[in-house]
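Below you'll find the structure, written out as C-alpha cells, and then a few comments.
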C-alpha cells in the first residue's frame, strides 16, 4: 500500500485519508521557490475529498497560485459508504469554483480524457496559472481491504463494470481499431510487465528477512 | 461457568444496552453501520471489524455513518455532548487522532474548565489501537499516553471482555469526555460477561494475580503477556503480583503503591513507545512515593523508540513478549544491592 519512489518525485501513498494534499501543495511550494518548473499532483478518493486537509490545501494552493493539480478519483465508495451519502456536492469538481480554480469532471476510465485534462492542468500550472481540480469518475473492482465481502454493493455491480468500463480493455480496443498500435504489440507489453512484476515479487519473497538492528534503521537521519 | 462473549461482542452489548436505556445516546463514525447511500445492504460492516454490527438495524438513525471527516464528526460529537446528547463516536484507528486532535484536546478537554464548570461534555471516543496485525506504522500505534497527558480527558484501556463491557457502560454514563481504547488483537478474546448491565468504576486497578516477590504493572493486551510470563515464573518459584491499571486517567496510584510496598520490586510493562509513556509515569510515581520500599531498580519493558514496523519479523521483535517480561522480572528478582 505505502509505495513511494522519491527518485521519481513520488512522495508515497498515504495510510491516512486526506494525508496527501497538504504534502502536495508543499511540494508545489518547493517547486515554485526552487524554480524547478515542477508541478505537484495530489490524488485523493471521494473519501479524502471530504477531509479538511484537502479543502484547506485547495484554498492555500489557490491563494498562492501554486503549480499544483488535485485529482479526485471518485470511485463511488469511501470504504463502505457511498459518495452520494457522504458528499454534499453532485460532482467534486464543483467545489473548485469556490476556491477560484478550474475544475472538470471526466470519465476516469477514458485514458485520453485523463491525458488531455491532466495535460491542460499541468501546462497551466507550469505557466504560473495556479492549481486545478480534476475529478475522475471511476469504479473499483475490489473491496476496501482484503476479504471485504462488499455487501454494500449491488449484486453483479462489479461484473457489469468489468465488462463495459475496463480502462485497459477499452484503450486497447480504441488504439487498435484506429491502427495506432498493433494488438500484438500491446500483448507483448503485457507479457513484459507481467514478467517484471512476477520477477519483483519472486525477488521480494526470496529476500533475506530483516534482522533486529533494522528496527532502529531510518527512524532519524541522525540521533 | 457463566455466559461467554468475545471482547467485541461485549462492547457491542454494552452499546446496545446503553442505546436502549438512554435515548440521548447516539453512535457516529466511519462505517459504524456501513452501506449508507449505496445500492447494496445497509449495516454492511458495523465498523471495519464488525464491532458495531447490528446496532443500526436495532436503533436506526441513532447509529450514523459519517464521511471521512474526523475533525468535523469528532468535533460534532463534542458539540452534541455539550448540548445534551451522549454520543459514542468512533475514531476508527487511534492513529487518526492526528486528523482531529484539536477538537479532542483543545475543545473536549478544555470546555468545562474554561467555562467555569458550567459545561458538561459526556462523550465517549471509542478507538482501536495496538500492534500485531501487520498493519504498519500508521495503523498500529498505542497513543493512550498522549491522551493521558491531557487534563480533562479520561482514558480507559480494558484487557478482558468483562472489563470492556463494564468500563464502556461506565464511560457512557460518565459526565466527562472519555477515550476508550480497544486493542485490535483482543477483539476475538473470549471471557465471562454477565448479560445484565453493570459498571466498573474508573481509577480502580484489577489485581489479576497476587504474589509477594515482584509487582508487574501493565494494561491492555499486555496484561495477557504478563500473565503468561507470571505463570512461567511461578514454575521457577518467583511469585508475581500482576496489576492491571484498566484506566490511565484517573490512575489508581494506591493499588500500585500498595503492591510495591509489599513486594519491593517493580516491572512496568507498556506496549506504547518508551518515551513519556505509562511505564515512565508509573515508575516516576513509585520513585517518588514508594522509594523506601524498593529493593531493586524499577524495570520498564516497552518497545524500542521506533515506529511500528510492517515486516512480520520486525513487528514480532518490536512487541514486548512473555520472554522479555520474564527476563526483566528475573533481573529484578535477582537484584542484590
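Residue numbers (my numbering), protein chains in the order written: chain A, 1 to 223; chain B, 1 to 337.
Quick reminder that beta carbons are idealized off the backbone N, C-alpha and C, glycines included.
Keep in mind it's a predicted model, so treat the numbers as computed, not measured.
By the criterion of Cβ-Cβ separation under 9 angstroms, what are the contact partners of residue i in chain B?
i	result
residue 141 of chain A	Simply none; closest approach about 15 angstroms.
From the beta carbon of residue i, is the nearest beta carbon of chain B less than 8 angstroms away?
i	result
residue 115 of chain A	no
residue 188 of chain A	no
residue 4 of chain A	no
residue 60 of chain A	no
residue 219 of chain A	yes
residue 82 of chain A	yes
residue 153 of chain A	yes
residue 159 of chain A	no
residue 215 of chain A	yes
residue 78 of chain A	yes
residue 86 of chain A	yes
So, for residue i: in the same chain, excluding its five sequence neighbours on each side, which residues have a beta-carbon less than 6 angstroms away from its beta-carbon?
i	result
residue 40 of chain B	none
residue 140 of chain B	131 and 308
residue 268 of chain B	217, 279, 282, 283 and 300
Would you call the CB atoms of residue i and residue j closer than 8 angstroms?
i	j	result
residue 323 of chain B	residue 271 of chain B	no
residue 161 of chain B	residue 191 of chain B	yes
residue 282 of chain B	residue 301 of chain B	no
residue 243 of chain B	residue 207 of chain B	yes
residue 128 of chain B	residue 73 of chain B	no
residue 78 of chain B	residue 108 of chain B	yes
residue 290 of chain B	residue 251 of chain B	no
residue 141 of chain A	residue 162 of chain A	yes
residue 71 of chain A	residue 92 of chain A	no
residue 14 of chain B	residue 58 of chain B	no
residue 59 of chain A	residue 99 of chain A	yes
residue 167 of chain B	residue 156 of chain B	yes
residue 204 of chain B	residue 246 of chain B	yes
residue 39 of chain A	residue 126 of chain A	yes
residue 265 of chain B	residue 333 of chain B	yes
Compare the C-beta of residue i with all C-beta atoms of chain A and state if any pair is closer than 8 angstroms.
i	result
residue 103 of chain B	no
residue 304 of chain B	yes
residue 8 of chain B	no
residue 36 of chain B	yes
residue 138 of chain B	yes
residue 121 of chain B	no
residue 72 of chain B	yes
residue 60 of chain B	no
residue 50 of chain B	no
residue 270 of chain B	no
residue 182 of chain B	no
residue 41 of chain B	yes
residue 90 of chain B	no
residue 30 of chain B	yes
The alpha helix (DSSP H) that contains residue i, what's its start and end?
i	result
residue 119 of chain A	111-126
residue 244 of chain B	No alpha helix (DSSP H) holds residue 244 of chain B; the beta strand (DSSP E) holding it covers 240-244.
Residues of chain B with CB closer than 7 angstroms to the CB of residue i, please, in chain order.
i	result
residue 50 of chain A	67, 68 and 69
Under 7 angstroms Cβ to Cβ from residue i, same chain only, skipping five residues before and after it: list those, please.
i	result
residue 144 of chain A	79 and 80
residue 201 of chain B	170
residue 229 of chain B	322, 325, 326 and 329
residue 233 of chain B	240, 326 and 329
residue 113 of chain B	152
Over what stretch of residues does the beta strand (DSSP E) that includes residue i continue unbroken?
i	result
residue 107 of chain A	103-107
residue 347 of chain B	Because chain B is modelled from 1 through 337, residue 347 of chain B falls outside the range shown and cannot be assessed.
residue 183 of chain B	178-183
residue 340 of chain B	With chain B running from 1 to 337 in the structure shown, residue 340 of chain B is simply not present.
residue 36 of chain A	Note, residue 36 of chain A: premise wrong, no beta strand (DSSP E); not H, not E.
residue 155 of chain B	154-156
residue 266 of chain B	266-269
residue 209 of chain A	Segment: none, residue 209 of chain A is in no beta strand (DSSP E) and carries neither H nor E.
What does residue i touch in chain A if you count any residue whose Cβ is under 8 angstroms from its own?
i	result
residue 57 of chain B	Residues of chain A passing the Cβ test: none, with the nearest at roughly 13 angstroms.
residue 307 of chain B	219
residue 281 of chain B	Here the premise fails: no neighbours, minimum Cβ distance about 23 angstroms.
Starting from the beta carbon of residue i, find every residue of chain A whose beta carbon is closer than 9 angstroms, and list them in chain order.
i	result
residue 96 of chain B	16 and 17
residue 44 of chain B	80, 149, 150, 151, 152 and 153
residue 99 of chain B	16, 17, 18, 19, 51, 52 and 53
residue 130 of chain B	Result: empty, since nearest Cβ-Cβ is about 16 angstroms, beyond 9 angstroms.
Leaving out the 5 sequence neighbours to the left and right, which residues in its chain are closer than 8 angstroms to residue i when beta-carbon positions are compared?
i	result
residue 119 of chain A	none
residue 49 of chain B	8, 128, 184 and 187
residue 57 of chain A	21, 22, 24, 25, 42 and 70
residue 21 of chain B	197
Note down, in chain order, every chain B residue with its Cβ under 8 angstroms from the Cβ of residue i.
i	result
residue 210 of chain A	309, 311, 313 and 314
residue 47 of chain A	67 and 68
Can you pull the chain A neighbours of residue i, defined as C-beta to C-beta under 7 angstroms?
i	result
residue 317 of chain B	212 and 215
Check whether the Cβ of residue i sits closer than 7 angstroms to any heavy atom of the ligand SAM, and report yes or no.
i	result
residue 62 of chain A	Because no ligand of any kind appears in the structure shown, any question about the ligand SAM cannot be addressed here.
Determine whether the Cβ of residue i lies closer than 8 angstroms to any Cβ atom of chain D.
i	result
residue 65 of chain A	The structure shown contains no chain D; the protein chains it does contain are A and B.
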